[in-house]
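Notes to accompany the following structure.
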Amino acid sequence: MIATTLSTIVIAMLAAGLLLALVQARRWRAGRAAEVDFVAGLKALPRRYLVDVHEVVARNSFNSRFHALTAGGFLASLVLIVALALPPLRHGAVWALLSLALAAMLAGGLMVGWRRRVERPAELSGGRFSRLPFALLAYAAAFLTVALDQTAGGLLPGWLALALVLVGAWGCAELVLGVWKGPLKHAVHGALHLVAHPRPLRFRDGAGRDSAIRPLDLEAPKLGTERPVDFDWNRLLGFDACVQCGRCETACPAYAAGLPLNPKKLIQDLVTALDEEGSDRSYAGHGHPGRPLGGVHGGPAEPVIGPMVHPDTLWACTTCRACVQECPMMIEHVDAVIDLRRFQTLELGATPGKAAGVLEELRATDNPGGRPLSRRLDWAVDLDLPVLAGKGGCDVLLWLGDGAFELRTQRSLRALVRLLRRAGVDFAVLGAEELDCGDVARRLGDEATFQDLARRNVTTLRRYRFDRIVTADPHALHTLRNEYRPFGLDVPVVHHTAFLLDLLREGLLKAETRLSDSVTYHDPCYLGRYNGEIDAPRALLDAIGLTRVEMERSGLRSSCCGGGGGAPLTDVAGERRIPDVRMDHARATGAATVAVACPNCALMLEGVVGPRPQVAEIAELVLAATEPRP
Amino acid sequence: MVEVAVLLSVGRHPASGRPRRAPLDAQALELALQLVESGHAARVHALHAGDPANPALRDYLGMGLDRLEVLDLPPGVDPVPALVARLRELAPTLVLAGAVAEGGEDSGMVPYLMARSLERPIVPDVVALELSGDGADLTQALPRGRRRLVGAGLPLVATLHGSAPAARQSAFARARRGSIDTLPADGVGDAFLEDCAARPWRARPRLMGARRGGTALDRLKAATETRAGQGRLMVQPSPEDAASAIYECLIEQGMIR
Ligand code: SF4
Ligand code: SF4
């Protein structure tokens, strides 16, 4: 009798949950069509879940443990309870197995309770989520008692057993029907999102770190994303998978500096906007700094920017990908930001601050400063740089980037050139033929200008013979290496830190003087998170004998300097500036020098006032260390 | 409600020499669009005389114009008679233009010639404009940042000053959607312009004395400051003295070793 009641209730719950999930699915089916390989996605699901997602969750080992216990126990118990619907299976051994599963789940549930109710990290959202531990405990404890009792042969009076089944059933309803809105929807949506992920190549089965922005079809009737339904359906599914864990919030440099952007809230805004007459009144976490809750509203066919998300929120993002790196649900925040920006820039012409003027200059002169391209080499008149057009071919094409117009960057470029000369590298520059790579245009949503620059740069590059491109600018590196591929460029692009390391290892450069300072290395987002290169710069610093100390946030989990994504141009105001926050991290190490490997980082961090470590570009340090002994 | 005509020319970027929207004309268009948005004007007629295929015209469409009329004229032809003829047909209350363009002879005379042919008053260097009853209140920019309020009767020609509100951003999708209507026009060639050759000019790079050490501020100063009176002045030196001075300077600056 008890077994029948138990399995009937649970099967009914599961059926109801499935139905609700289907209703839920209709919301994202309203989005744009997207190419999804379901078969490959389904095949890859276990690996993506157990390897890729686990890798993210396990950064906090307590979480991954309770997750394994709770989810594992819950799923196993569901299977066993459904099996109990068949009378021949109502056997003591099955009941014992069920007890085991439920005991595991109970332990996990207690840990969840500890985290949600006792520890209570500030980034977690409350609301429906705070009921989660009760539901878990009710389900696990009540059914466990029943299962143990049945294993022992049914000692409890019938009414008590029935009452316990009802308590467990409430927990089950909360968990399963939670698919609708509550805590467990992420189990279903998260799995579906892993199957239909918009960037399948970023998983281990795709063997990549797929971080390039996708080209936009400029012939499309509407450019970019205006309303929720303008997103691809699997992007909407991705937003819906968000569990409000707040890991992105903790990682976001804009949030840390008090800029009006909280990636968790941004994703929740997009979820809210999927509902007709959606409003953020029931949102129970931290909002966008400086913006009150409850005032925004939206719907699937309403514009996102304006009524739902303030434009400042959109433009405060530095596209640093810290949120993407941290998100256990593999949500692609940056893609959403770029899609929304594209509509603002290409359709509305609403790029804020100095950005609009910079884009106009970029279109008219092919560099964001509006300077004559023939002046790109002015800083190096005395260095007499070989120009590729005059040489025809070379081993290494040195991509100077826009920094060649910048006093600060010229200093580090000079160091790099002298190192190349010292090592006898056969190199050349493009000179006036080098156009801006288009990084800033693309991040600001001006895909038209980006594609124009990309096409013309690729045409120039394909005219010449060279083995590889070396650049000191990670933004140019990422763009040339990853984002020019659809436009027909496929050459090795190397960051100067990796290149200099090779020169040292091959003995073409020799560290002569030991530098005595301690340094801390600031990872540029576009080298680290975007391209996974965090070791070469460190090895280079070690090779020249510097004592290296790490900042609290470093490597793939480094924090942005505030210089990416056109953020310095749109210049949204916050409580502090992002570089000031980052400099605090550097100060805390006590190192005398912050080594940087990106012209933007150098500019942003050198702009920090007050006592602080000095800022040095790695090439400058290497130059000093390889200076021949007098 | 009044109708506004805006004269739009093709500009030329000072650094790249590439065609673009002329900044002052874009500001004139901005003012016209604002008059429409605030309900003071019924319509904007955007006029250009020149090559309808010039891609820079799309920059104006990107500001939110639905259509742009182009009086099809070959290069080097005086645009004034064609523009005057078209403006007579349209009879707009207000004609707006930038105070000076960025190409051709760059004299800024077109609006004056136009005003004379149309027999209208012209108010130059306007930064703001309000329509009231049968007249207009215009704020004029004077040298050194001073402003003057001018009242004028309609119809009227006004030219925009650079400190008028900045032109809005040109959006790619709007530029693509807007249409360019070509009208046939005739004019006579300008023999003087046809004779002129244009070529880019640029200053030669100047090597800055490199200064090492010191604080970043010192280095920045050393690199950017113009140091007056620190050089050596030689009046009618002997060729040997002059040559050795130049030689020393080249060594000092690291040009030869
Ligand atoms: S977006 Fe990702 S990291 Fe951020 S709260 Fe949602 S699930 Fe967590
Ligand atoms: S990309 Fe960086 S700045 Fe933008 S939301 Fe994510 S963490 Fe914040």
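Chains A and B, in that order, give the protein sequences. 6 is the number of the first residue of the first sequence in our numbering; add one for each residue after it. -18 is the number of the first residue of the second sequence in our numbering; add one for each residue after it. C-beta atoms are modelled at their ideal positions from N, C-alpha and C, and glycine is treated no differently.
Exercise. Just the Cα atoms here: how many angstroms apart are GLU100 of chain B and TYR93 of chain B?
Worked result: Walking along the second sequence from the start, residue 100 of chain B turns up at place 119. Walking along the second sequence from the start, residue 93 of chain B turns up at place 112. Cα to Cα, the separation comes out at about 10 Å.
Exercise. Helix, strand or coil: how does DSSP classify CYS526 of chain A here?
Worked result: Along the first sequence, one-based indexing puts residue 526 of chain A at 521. Here the sequence assigns Tyr to residue 526 of chain A, which means Cys is not the residue at that position. Looking at TYR526 of chain A - three-state DSSP - the assignment turns out to be strand.
Problem set entry | Under 8 Å from the C-beta of LEU201 of chain B: neighbouring residues of chain A | Counting from one through the second sequence, the residue named residue 201 of chain B turns up at place 220. Here the neighbours are LEU412.
For this session: Kindly indicate which residue of A:GLU538, A:LYS227, A:LEU466, A:LEU102 has the alpha-carbon position closest to the one of ALA157 of chain A.
Result: Taking the first residue of the first sequence as position 1, residue 157 of chain A is located at position 152. That would be A:LEU102, whose Cα lies nearest to the Cα of ALA157 of chain A.
Exercise. By DSSP, does LEU402 of chain A sit in helix, in strand, or in coil?
Worked result: As a position in the first sequence, residue 402 of chain A is number 397, starting the count at 1. LEU402 of chain A: strand per DSSP, three-state reduction.
For this session: Return yes when at least one heavy atom of ligand 2 lies under 7 Å from the C-beta of VAL107 of chain B, else no.
Result: Here residue 107 of chain B corresponds to residue number 126 of the second sequence, with the count starting at 1. Not under cutoff, so the answer is no.
Exercise. Regarding ARG213 of chain B and ligand 2, is the C-beta to nearest heavy atom distance less than 7 Å?
Worked result: For the purposes of this step, residue 213 of chain B is identified with residue 232 of the second sequence, where counting begins at 1. It does not: the Cβ of ARG213 of chain B is nowhere closer than 7 Å to a heavy atom of ligand 2.
Exercise. What residue from A:LEU25, A:ALA596, A:ARG519 has the CA that sits closest to ARG634 of chain A's CA?
Worked result: As a position in the first sequence, residue 634 of chain A is number 629, starting the count at 1. Of the candidates A:LEU25, A:ALA596, A:ARG519, the one whose C-alpha sits nearest the C-alpha of ARG634 of chain A is A:ARG519.
Problem set entry | Contact set for ALA49 of chain A: own chain, Cβ-Cβ below 6 Å, skip 5 residues either direction | By 1-based counting over the first sequence, the position of residue 49 of chain A is 44. If we look at ALA49 of chain A and ignore the five residues flanking it on each side, its Cβ neighbours are ASP210.
Exercise. Could you give the uninterrupted runs of the alpha helix (DSSP H) lying entirely in the region 37 to 81 of chain B, keeping only those of 4 residues or more?
Worked result: 38 to 42, 61 to 71
For this session: Could you please give the first and the last residue of the uninterrupted beta strand (DSSP E) stretch that includes HIS283 of chain B?
Result: Nothing in the structure corresponds to residue 283 of chain B, since chain B is present only between -18 and 238.
Exercise. Cβ-heavy atom distance between LYS269 of chain A and ligand 1 below 7 Å?
Worked result: Along the first sequence, one-based indexing puts residue 269 of chain A at 264. Yes.
For this session: Indicate, with yes or no, if ligand 2 has a heavy atom lying under 7 Å from the CB of ALA217 of chain A.
Result: Mapped onto the first sequence, residue 217 of chain A falls at position 212. Because no heavy atom of ligand 2 lies under 7 Å away, the Cβ of ALA217 of chain A does not count as near it: no.
For this session: Taking GLU128 of chain A and GLY251 of chain A to be in contact with their CB atoms under 8 Å, please state how far apart those CB atoms are, rounded to whole angstroms.
Result: In the first sequence, the residue the question calls residue 128 of chain A occupies position 123. In the first sequence, the residue the question calls residue 251 of chain A occupies position 246. About 3 Å separates the two Cβ atoms, so the contact holds.
For this session: Mind listing the chain A neighbours of MET215 of chain B? Cutoff is C-beta to C-beta under 9 Å, in chain order.
Result: Your numbering for residue 215 of chain B matches position 234 in the second sequence. By Cβ distance, chain A contributes nothing, its closest Cβ being about 24 Å from MET215 of chain B, past 9 Å.
Problem set entry | The beta strand (DSSP E) enclosing ARG553 of chain A, as first and last residue numbers | Translated into the one-based positions of the first sequence, residue 553 of chain A becomes position 548. Element bounds for ARG553 of chain A: 552 to 554.
For this session: Please decide whether ARG97 of chain B counts as near chain A, where near means a Cβ-Cβ distance under 8 Å.
Result: Counting from one through the second sequence, the residue named residue 97 of chain B turns up at place 116. It does not: the Cβ of ARG97 of chain B has no partner Cβ on chain A nearer than 8 Å.
For this session: Starting from THR230 of chain A, trace the beta strand (DSSP E) both ways and give me its first and last residue.
Result: If you number the first sequence from 1, residue 230 of chain A lands on position 225. Run containing THR230 of chain A: none; DSSP gives neither H nor E here.
Exercise. Counting Cβ pairs, one atom from each stretch, are 3 or more of them under 8 Å apart for the region 366 to 378 of chain A and the region -3 to 9 of chain B?
Worked result: yes
For this session: Report yes if the CB atom of LEU42 of chain B is closer than 8 Å to the CB atom of GLY116 of chain B, and no otherwise.
Result: Looking up residue 42 of chain B in the second sequence gives position 61. Looking up residue 116 of chain B in the second sequence gives position 135. For LEU42 of chain B and GLY116 of chain B, no; Cβs fall outside 8 Å.
For this session: Have a look at GLU60 of chain A and ALA327 of chain A and give me their C-alpha separation to the nearest angstrom.
Result: Here residue 60 of chain A refers to the residue found at position 55 of the first sequence. Here residue 327 of chain A refers to the residue found at position 322 of the first sequence. Cα-Cα distance, rounded: 15 Å.
Problem set entry | Proximity of ASN35 of chain B and VAL107 of chain B at Cβ, strictly below 8 Å | For the purposes of this step, residue 35 of chain B is taken as residue 54 along the second sequence, with counting starting at 1. For the purposes of this step, residue 107 of chain B is taken as residue 126 along the second sequence, with counting starting at 1. In this structure, VAL107 of chain B does not lie closer than 8 Å to ASN35 of chain B by Cβ.
For this session: With distances taken Cα to Cα, identify the nearest neighbour of GLY295 of chain A among A:GLU580, A:ASP576, A:VAL627, A:ASN605.
Result: As a working note, residue 295 of chain A is residue 290 in the first sequence. The shortest Cα separation from GLY295 of chain A among A:GLU580, A:ASP576, A:VAL627, A:ASN605 belongs to A:GLU580.
Exercise. If you pair each beta-carbon of the region 3 to 23 of chain B with each one of the region 117 to 136 of chain B, do three or more pairs fall below 8 Å?
Worked result: no
Problem set entry | Identified DSSP bridge partners for HIS302 of chain A | The residue labelled residue 302 of chain A in the question sits at position 297 within the first sequence. According to DSSP, HIS302 of chain A bridges with A:SER284.
For this session: May I ask you to report which of helix, strand or coil DSSP gives ALA621 of chain A?
Result: Your numbering for residue 621 of chain A matches position 616 in the first sequence. It is a strand residue.
Problem set entry | Selected residue, minimal CA-CA separation from LEU364 of chain A, among A:ASP451, A:VAL329, A:THR323 | To locate residue 364 of chain A, count along the first sequence from 1; it is residue 359. The shortest C-alpha separation from LEU364 of chain A is found at A:ASP451.
Exercise. What residue ranges within the region 467 to 508 of chain A form continuous beta strand (DSSP E) runs of no fewer than 3 residues, ordered along the chain?
Worked result: 470 to 476, 498 to 500
For this session: Please state if the CB of LEU54 of chain B and the CB of ALA27 of chain B are separated by a distance shorter than 8 Å.
Result: On the second sequence, residue 27 of chain B is found 46 positions in, with the first residue counted as 1. On the second sequence, residue 54 of chain B is found 73 positions in, with the first residue counted as 1. In this structure, LEU54 of chain B does not lie closer than 8 Å to ALA27 of chain B by Cβ.
Exercise. Is the CB-CB distance between ALA481 of chain A and GLY406 of chain A below 8 Å?
Worked result: Counting from 1 along the first sequence, the entry for residue 481 of chain A is found at position 476. Counting from 1 along the first sequence, the entry for residue 406 of chain A is found at position 401. Cβ distance < 8 Å, so ALA481 of chain A and GLY406 of chain A count as in contact.
Problem set entry | Beta carbon proximity, VAL(-4) of chain B to chain A, threshold 8 Å | As a working note, residue -4 of chain B is residue 15 in the second sequence. Note on residue identity: the sequence assigns Ala, not Val, to residue -4 of chain B. By this cut-off, ALA(-4) of chain B is an interface position.
Problem set entry | Chain-order list of residues whose beta-carbon lies under 8 Å from that of LEU626 of chain A (same chain, five-residue window excluded) | Numbered from its first residue, the first sequence carries residue 626 of chain A at position 621. For LEU626 of chain A, where only same-chain residues beyond five positions count, the Cβ hits under 8 Å are LEU520, VAL524, LEU546, ILE549, LEU551, THR598, ALA600.
Exercise. Does DSSP put PHE67 of chain A in a helix, in a strand, or in coil?
Worked result: By 1-based counting over the first sequence, the position of residue 67 of chain A is 62. Residue state, collapsed to three classes: helix.
For this session: Spell out the partners DSSP gives SER113 of chain B in its beta bridges.
Result: Here residue 113 of chain B is taken as the residue at index 132 of the second sequence, counted from 1. Per DSSP, B:GLY116.
Exercise. Between ALA140 of chain A and GLY176 of chain A, what straight-line distance do the alpha-carbon atoms span, to the nearest angstrom?
Worked result: For this step, residue 140 of chain A is matched to residue 135 along the first sequence. For this step, residue 176 of chain A is matched to residue 171 along the first sequence. Approximately 4 Å between the Cα atoms of the pair.
For this session: Identify the contact partners of GLN15 of chain B in chain A, using a Cβ-Cβ distance below 7 Å as the criterion.
Result: Within the second sequence, numbered from 1, the residue matching residue 15 of chain B stands at position 34. In chain order: nothing, as chain A lies at least about 15 Å away.
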